[in-house]
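Enquirer:
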Amino acid sequence: QDGGCSVCGEGKTVGNGEAIFVSPGAPPIPCSTLEEAGLGGAITLNDCTLLPDLIEICECRDCDPRSLSPSITPQPSQSLTPSILQCPEIQDGGCSVCGEGK
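Going by the working numbering, the residue at position 36 of the sequence shown is 42; the numbering climbs one at a time, nothing skipped.
Pasting the structure below:
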């Protein structure tokens, strides 16, 4: 088991945890579960580098790299500005599967 990685990449986190990611040859998985698997080290670092182009369904969003736990920042209703989410913590040796800065 490798160190953890963010499935959305450094500086990004899953924006739609309820979306279902489908990969050929694997069972469908909610994006929130995929993110937890990445953070927990269940996704290899090699696979982390491949996922960024595959998980558009998860709606990766910018997050605040100063914070370490996923959470949605409250915003006024009807706002057209996307919310800034907190970045998930990546274990030592981990990577962001959405790519550098994503």
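Each residue gets a CB set at the ideal place from its N, CA and C atoms; glycine is no exception.
For A43, which residues of its own chain have a beta-carbon under 6 Å away from its beta-carbon, when the five flanking residues on both sides are left out?
Expert: In the sequence shown, the residue the question calls residue 43 occupies position 37. Here the set comprises I49.
Enquirer: For E24 and C37, what's the separation of their Cα atoms in angstroms?
Expert: On the sequence shown, residue 24 is found 18 positions in, with the first residue counted as 1. On the sequence shown, residue 37 is found 31 positions in, with the first residue counted as 1. Looking at the two C-alpha atoms, the distance is approximately 6 Å.
Enquirer: What residue range is occupied by the uninterrupted alpha helix (DSSP H) comprising D53?
Expert: Indexing the sequence shown from 1 puts residue 53 at position 47. D53 -> alpha helix (DSSP H) spans 51-56.
Enquirer: For the beta strand (DSSP E) holding C138, just list the boundary residues, first then last.
Expert: The question about residue 138 has no answer, for the chain in this structure spans 7 to 108.
Enquirer: Classify G46: buried if its beta carbon has 16 or more other beta carbons within 10 angstroms, exposed otherwise.
Expert: As a first step, residue 46 is located in the sequence shown; it is residue number 40 there, counting from the start. The residue is exposed, with fewer than 16 neighbouring Cβ atoms inside 10 Å.
Enquirer: Hey, how far is the Cα of G15 from the Cα of P58?
Expert: Taking the sequence shown and counting its residues from 1, one reaches residue 15 at position 9. Taking the sequence shown and counting its residues from 1, one reaches residue 58 at position 52. For G15 and P58, the distance between alpha carbons rounds to 7 Å.
Enquirer: Short check: CB of C66 to CB of G21, under 8 Å?
Expert: Taking the first residue of the sequence shown as 1, we reach residue 66 at position 60. Taking the first residue of the sequence shown as 1, we reach residue 21 at position 15. Contact: yes.
Enquirer: For S12, which three-state DSSP category applies?
Expert: For this step, residue 12 is matched to residue 6 along the sequence shown. S12 falls in the strand class under three-state DSSP.
Enquirer: Buried or exposed: E62, going by 16 or more other Cβ atoms within 10 Å of its Cβ?
Expert: Taking the sequence shown and counting its residues from 1, one reaches residue 62 at position 56. Flag for E62 reads exposed.
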